[in-house]
Amino acid sequence: MPGIYGMAALTILVTAVLSISTLNSLTHSDHRYYGLIIAGLPLSLIVNRLVKVPLINGIGSLAGSPLQLGPQMPVWFIILIWLAAPIFEEAIKVVPLAIPAFRKFQHGDMDALCAGLALGLGFGMGEAAYLAYGIAQSPAYNQLPWYMFTGFAIERFIVTFGHGLMTSFTILGFHFGGKRAVSGYLAAVGLHALINLGPILMAIKIIPVSLASLGTYTTLLIAFMIFQKKLRAFRKNNKSKNDPGEKVYFER
Amino acid sequence: MASDQEKMIFQPRPSTGWIWVTIIGLLPLLTGIGLLASSGFSGPFMLTNVITIPIGACFLLLASFFPTMRYEIDGASLSMAYGPFLRYTLDVRQIKSIRRSDLGFSPISSFRFPGLALFNVHYPEIGIVKMCATAASNGILLIETDSTKYGLTPENEENFVAELRKHMEQ
Chain R
529 MPGIYGMAAL
539 TILVTAVLSI
549 STLNSLTHSD
559 HRYYGLIIAG
569 LPLSLIVNRL
579 VKVPLINGIG
589 SLAGSPLQLG
599 PQMPVWFIIL
609 IWLAAPIFEE
619 AIKVVPLAIP
629 AFRKFQHGDM
639 DALCAGLALG
649 LGFGMGEAAY
659 LAYGIAQSPA
669 YNQLPWYMFT
679 GFAIERFIVT
689 FGHGLMTSFT
699 ILGFHFGGKR
709 AVSGYLAAVG
719 LHALINLGPI
729 LMAIKIIPVS
739 LASLGTYTTL
749 LIAFMIFQKK
759 LRAFRKNNKS
769 KNDPGEKVYF
779 ER
Chain E
199 MASDQEKMIF
209 QPRPSTGWIW
219 VTIIGLLPLL
229 TGIGLLASSG
239 FSGPFMLTNV
249 ITIPIGACFL
259 LLASFFPTMR
269 YEIDGASLSM
279 AYGPFLRYTL
289 DVRQIKSIRR
299 SDLGFSPISS
309 FRFPGLALFN
319 VHYPEIGIVK
329 MCATAASNGI
339 LLIETDSTKY
349 GLTPENEENF
359 VAELRKHMEQ
């Protein structure tokens with residue numbers, strides 16, 4: 529069995545434990561959100577197999593363009609590949625909320641934020657499995673032992689939480705509705721595109737690996753700070769009798 | 199909670215912070231071990247191994263002392279301890295405020311993870327807090343003196359504060 533499967537299993541297990549721990553901390557251990565993680569798991573497989581790959585292969589065939597990402601590819605096709613993932617992945621991540629049982633997660637701002645986080649985390653873990661399968665098909669990688677894939681593990685761990693952040697912005701926008709639904713979705717697409725920009729530029733040999741990673745992680749950090757800011761604002765607004773937030777015991 | 203004459207020991211609020219620190223330790227450790235296994239001691243990644251393996255080992259060591267976190271009130275002093283790595287002691291008569299707060303996030307590097315915050319941590323609006331807590335931002339008991347702020351998370355917060363105030367008034 530290719531070693532990547534072992535590392536993928538370990539990565540997904542560790543990510544799942546930390547995802548559940550994070551959600552429990554944010555939602556006071558509300559187990560309903562676990563259903564959203566599960567709902568997010570198959571979405572990467574669906575969007576890649578049924579949307580992105582057929583679309584890119586079809587357009588590539590029509591245009592007579594090589595399908596290997598590289599400097600020889602037409603610029604418009606590179607842009608298409610760059611934007612396909614953000615546009616379609618951010619769209620499919622919200623689909624589970626069409627299920628009646630999950631619509632209640634849009635009733636409150638904190639509910640929507642955490643629902644988006646859960647869906648994105650599930651998507652990210654499913655994506656790790658899907659990518660591991662793809663890597664296992666490659667003769668260059670499928671003979672390597674599992675411990676050679678720590679780079680995969682670290683990258684997937686961080687990107688999974690990134691997916692959670694991006695989806696939380698989309699779902700929050702949908703919760704508010706109207707123009708904010710569109711702006712929430714576009715914000716998620718924009719962040720996703722920025723995260724993918726570095727790897728795309730690296731693939732067409734414009735920037736080195738170190739710069740590509742720097743861009744990705746900087747964008748993720750910005751997304752995390754935006755998420756934290758929204759979380760604090762919602763917590764302040766949602767203070768209840770049982771959870772009064774700040775409490776002064778003593779002051780001289 | 200145990201007592202030894204006047205000495206009162208309080209446990210921190212339970213959390214899964216040790217899992218985060220363990221994972222953060224395992225990632226560089228496994229990376230280093232993987233590179234060492236593939237390239238050996240004379241390979242091109244020796245410098246990476248020299249950096250990643252000790253970092254990973256340090257995080258794992260820190261995580262292993264998680265159960266030792268405790269707060270002690272003994273006479274006029276309050277101590278916060280985390281294994282052999284951290285011990286803050288203050289005179290309770292110098293306390294000027296005690297409050298529970300939800301703290302924000304600062305991108306400035308510090309030892310804070312969901313469920314565990316240690317050493318000096320920078321928070322927006324309040325500055326540097328000496329943390330010995332099983333939470334990084336939610337429900338932090340902030341104890342402030344003239345010069346320093348401390349962040350704790352006692353499991354039984356009401357009892358802890360009541361005991362602390364008794365010692366402050368003695």
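Chains R and E supply the protein sequences, listed in that same order. Per the numbering used here, the very first residue in the first sequence carries number 529; after that it's consecutive. Per the numbering used here, the very first residue in the second sequence carries number 199; after that it's consecutive. Backbone N, C-alpha and C define an ideal beta-carbon position, used for all residues, glycine too. Since the model is a prediction, treat every value here as computed from it, not as a measurement.
- For GLY636 (chain R), the nearest beta carbon of chain E is not closer than 9 Å to its own beta carbon.
- Using a C-beta cut-off of 8 Å, the stretch 646-666 of chain R makes no contact with the stretch 601-610 of chain R, since fewer than three inter-stretch Cβ pairs fall below that distance.
- Per DSSP, ILE296 (chain E) is one residue of the beta strand (DSSP E) stretching across 295-299.
- Taking C-alpha positions only, ARG760 (chain R) is separated from GLY302 (chain E) by approximately 7 Å.
- Taking a contact as a CB-CB distance under 8 Å, the pair THR351 (chain E) and LYS328 (chain E) does not count as one, their CB atoms being some 13 Å apart.
- Check the Cα spacing between TYR286 (chain E) and each of E:GLY230, E:GLN368, E:ARG297 and E:ILE341: the tightest is with E:ILE341.
- Interface residue (Cβ-Cβ distance to chain E less than 9 Å): THR747 (chain R) is not classified as such.
- For ILE271 (chain E), the closest Cβ of chain R is not nearer than 9 Å.
- Taking 9 Å as the cut-off, the Cβ atoms of PHE633 (chain R) and LEU564 (chain R) count as close.
- If you check each beta-carbon in the stretch 607-637 of chain R against every beta-carbon of chain E, none falls closer than 7 Å.
- Cβ neighbours of THR250 (chain E) within its own chain (closer than 6 Å, five residues either side excluded): PRO226, THR229 and GLY230.
- When the alpha-carbon of ARG297 (chain E) is set against those of E:LEU288, E:GLN209, E:VAL359 and E:LEU234, the nearest one is in E:VAL359.
- For LEU288 (chain E), the enclosing beta strand (DSSP E) begins and ends at 284-289.
- The DSSP-derived three-state label of PRO226 (chain E) is helix.
- Nearest in C-alpha terms to ARG763 (chain R), of all of R:PRO582, R:MET638 and R:ILE584, is R:MET638.
- Here VAL776 (chain R) is bridged, per DSSP, to E:ARG297.
- Proximity of chain E to ILE682 (chain R) at the Cβ level (cut-off 7 Å) is accounted for by LEU225, in chain order.
- Assigned with DSSP and collapsed to three states, LYS621 (chain R) falls in coil, not helix or strand.
- Think of a sphere of 8 Å around the beta carbon of THR678 (chain R): the chain E residues whose beta carbon falls inside it are LEU225, LEU228, THR229 and GLY232, in chain order.
- Note on HIS720 (chain R): 16 or more other CB atoms within 10 angstroms of its CB, so buried under the neighbour-count rule.
- Taking C-beta separations shorter than 8 Å and ignoring five residues to either side along the sequence, the partners of PHE317 (chain E) in its chain run LEU284, SER308, PHE309, LYS328 and MET329, following chain order.
- When secondary structure is reduced to three states using DSSP, ASN318 (chain E) falls in the strand class.
- At a beta-carbon threshold of 7 Å, none of the residues of chain R lie near GLY254 (chain E); the nearest stands roughly 11 Å away.
- SER589 (chain R) is classed as exposed because its beta carbon has fewer than 16 other beta carbons within 10 Å across all chains shown.
- PHE303 (chain E): not part of any alpha helix (DSSP H); DSSP gives it neither H nor E.
- With contact defined as three or more Cβ pairs closer than 8 Å, the stretch 689-697 of chain R and the stretch 648-657 of chain R are in contact.
- One thing to note: ALA681 (chain R) has its Cβ no nearer than 9 Å to the Cβ of LEU573 (chain R).
- C-alpha of VAL575 (chain R) to C-alpha of ILE217 (chain E): approximately 32 Å in a straight line.
- Listed in chain order, the non-local C-beta contacts of GLY215 (chain E) below 6 Å within the same chain comprise PHE311, GLY313, LEU314 and THR332, local neighbours out to five positions each way being set aside.
- In this structure ALA591 (chain R) is exposed. Its beta-carbon is surrounded by fewer than 16 other beta-carbon atoms within 10 angstroms.
- Scanning chain R for C-beta atoms nearer than 8 Å to the C-beta of GLY302 (chain E) yields GLN756 and ARG760, reported in chain order.
- In this structure, DSSP gives TYR669 (chain R) a state outside helix and strand, which the three-state scheme calls coil.
- In terms of Cβ geometry, THR698 (chain R) and ILE723 (chain R) do not form a close pair [threshold 9 Å].
- If you look at LYS632 (chain R), you'll find it isn't in any alpha helix (DSSP H); DSSP assigns it neither H nor E.
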